[in-house]
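The working numbering puts the first residue of the sequence shown at 550, with every later residue one more than the last. Positions of the beta carbon are idealized from the N, C-alpha and C atoms, including for glycine. Computed from a prediction, not measured in an experiment: that's the story for all the values here.
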Amino acid sequence: MADAVALNRWNGTDVRLGAVVDTMAQLRRSVARTASRTWVMTLVAIAVSDDEVYQATQVLRALGAHHPARLLVVQAQPEGGAAPGVDASVTIYGTEIDGHPLTFDEVSLLVKGDAAQHLDSIIEPFTLSDLPVVVWYPATLPSVSEPVLTKASSVLVDTKQAQDVAGLIALAGRRAVVDLSWMRLRPWREMVAALFDPPEFRPYARQITSADVTGKGGPRRLLAGWLGSRLGLPKEHMELHDARHARVVLRAGSDATFEVAREEGERLVRASAVIDGSIRHHELLPLPDDSLVWSLSEALTHLGRDRVWQQALAAGVAADAWL
């Protein structure tokens, strides 16, 4: 696949939304008529700073050919005394997949003053009829009352650095919420579950007496919530520790220890089972790319409700693990 190239571009200050939509149509007509435009969604990134706008546009541009979508980056700027208004830029990108030309749109909106309180109305003209609207928050967690969420069929967040996630429980009751941190934890969850697949190890899954979970704040607390909800393990039997990489150690009495961990400097997850002092199982799993592009791409292929994630999140909150 070739890198995306800007085929046509336009920008304006204090524009009418209808004029932006009309300009998009004109720009598309000006590019190669043989190029395909197969949209499957409207993907909206809500940014709060120039750095977030830059990051979001870079990531969305990389995804443009893999997930054909209308890409919309919205930066709300309600403060600063600016009069209500919208600055806009539109870019039509072209790339090639298997010899077939493909184009996709990228729209960036700076929404100023009181207009930033009505992002639902701002994005409405740009959504594609009868297609999902996916709203992505690159660095913040949304309030359940944010108007823009009324337009969302799915919401993408990242709890990696989050402190207060209680509001996500209420939001998940109304919309499908996908957590990029949860996506990146899949190898650990799969390997913990796989440790108890062999018939001789299955009884130990009902005999777990304690768990040690290490990692960065969001991931370790999600893992702790997941273990608590899956194993029925009370918070008093869990120890959480800060570390750069995730590690899960489960103990069944004094006889059996099950561990899944990533070591410093490795792109591997190691799983092991030690029974009566002897290593009875050892497995290595190469980690997938954990870049933002990868995790967002994975999230876009799993846009439905995830009840297991919701239960893990609720268990973490109930145990005060997020505080």
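Worksheet item: The beta strand (DSSP E) spanning Thr-640 covers which residue range?
Response: 634 to 646
Fill in: Distance between Gly-826 and Leu-852 (C-alpha atoms, nearest Å)
43 Å
Worksheet item: Applying the criterion that 16 or more other CB atoms from any shown protein chain within 10 Å of the CB defines a buried residue, is Leu-833 buried or exposed?
Response: exposed
Worksheet item: Comparing alpha-carbon positions, which option in Ser-803, His-786, Phe-807 lies nearest Arg-796?
Response: Phe-807
Worksheet item: I think Leu-556 touches Ile-641, with their Cβ atoms under 8 Å apart; what is that distance to the nearest whole Å?
Response: 5 Å
Practice prompt. Report the rounded CA-to-CA distance for Ala-870 versus Arg-770, giving the unit in angstroms.
Written response: Confidence in Ala-870 is poor, its pLDDT being 47 and thus under 50, which makes the residue's placement too unreliable to answer from.
Item to complete: Pick out whichever of Met-590, Gln-626, Asp-571, Arg-854 has its Cα sitting closest to the Cα of Leu-609.
Response: Met-590
Worksheet item: How about Arg-733 and Asp-855: do their beta carbons lie closer than 7 Å?
Response: no
Discussion item. If you reduce the DSSP assignment to three classes, tell me which class His-831 lands in.
Written reply: strand
Worksheet item: Sorted by chain position, which residues of the same chain lie with C-beta nearer than 6 Å to Ala-553's C-beta, five sequence neighbours on each side aside?
Response: Arg-610, Gly-613, Tyr-642, Thr-644
Worksheet item: Based on the DSSP secondary-structure assignment, which residues constitute the bridge partners of Leu-620?
Response: Leu-592, Glu-655
Item to complete: Tell me, please, which residues DSSP counts as bridged to Phe-807.
Response: Leu-799, Ala-822
Item to complete: Give the single residue among Asp-663, Glu-695, Asp-654 whose Cα lies nearest to the Cα of Ala-631.
Response: Asp-663
Worksheet item: If you draw a straight line from the C-alpha of Ala-596 to the C-alpha of Leu-680, how long is it?
Response: 22 Å
Discussion item. What residue range does the beta strand (DSSP E) around Glu-788 cover?
Written reply: 787 to 791
Discussion item. Buried or exposed, going by whether 16 or more other CB atoms sit within 10 Å of the CB of Gly-814?
Written reply: exposed
Fill in: Distance, Met-573 Cα to His-616 Cα
19 Å
Discussion item. If you measure between the beta carbons of Leu-668 and Val-693, is that distance less than 7 Å?
Written reply: no
Discussion item. If you follow the alpha helix (DSSP H) that Leu-576 is in, where does it begin and where does it stop?
Written reply: 566 to 579
Worksheet item: Taking contact to mean at least 3 C-beta pairs separated by less than 8 Å, is the segment 705 to 714 in contact with the segment 749 to 760?
Response: no
Discussion item. Please classify Gly-764 as buried or exposed, where buried requires at least 16 other C-beta atoms within 10 Å of its C-beta.
Written reply: buried
Discussion item. Residues in the same chain with beta-carbon distance under 6 Å from Val-569, minus the five sequence neighbours each way, listed in chain order, please.
Written reply: Ala-637
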